[in-house]
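Structure first, then comments.
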Amino acid sequence: MKEIDFIAELTYLSAEDGGRSTPAFSGYRPQVKFAFSNMQTSGQQTFLNKDIVYPGEMILAKIALASPQFFEKKLYVGLDFEFREGARIIGNGRITEILNRDLEK
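Okay, structure coming up:
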């Protein structure tokens, strides 16, 4: 399994707000987008305390970025990000703990 880069609080948008209409399962890998960069990379979400999250719900998850090298020395606790399916924003996240010290600002 890939190294966990950080833990984040994730809020899935409801279908009415443009999010998914179906639940996501632990292991889901949407694109992660930080405001400071145009770069997007997939980020595997391993949910903590449950296996399924429904649109409109909030959950804590471990995030493993596919290309963490693009974000070295740029991430910090409290940093917000979007997660997407293509161009569609399906949720927002906030970093609560950084585990990969190479990423820490």
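As numbered in our numbering, residues 1252 to 1356 make up the sequence shown, in order.
Every residue gets a Cβ at the ideal spot worked out from N, C-alpha and C, and that includes glycine.
Please read all numbers here as calculations on a predicted model, not as lab measurements.
Under the three-state reduction of DSSP, L1350 is assigned to coil, being neither helix nor strand. For P1319 and E1267, the gap between their C-alpha atoms comes out near 32 Å. Secondary structure of E1267 (DSSP, three-state): helix. When DSSP reads this structure, V1304 sits in a beta bridge with A1275. Secondary structure note for E1333: its beta strand (DSSP E) is the uninterrupted segment 1331-1336.
A distance below 8 Å between beta-carbons, with the five flanking residues on each side excluded, links Y1327 to the following residues of its chain, in chain order: I1346, I1349, E1355, K1356.
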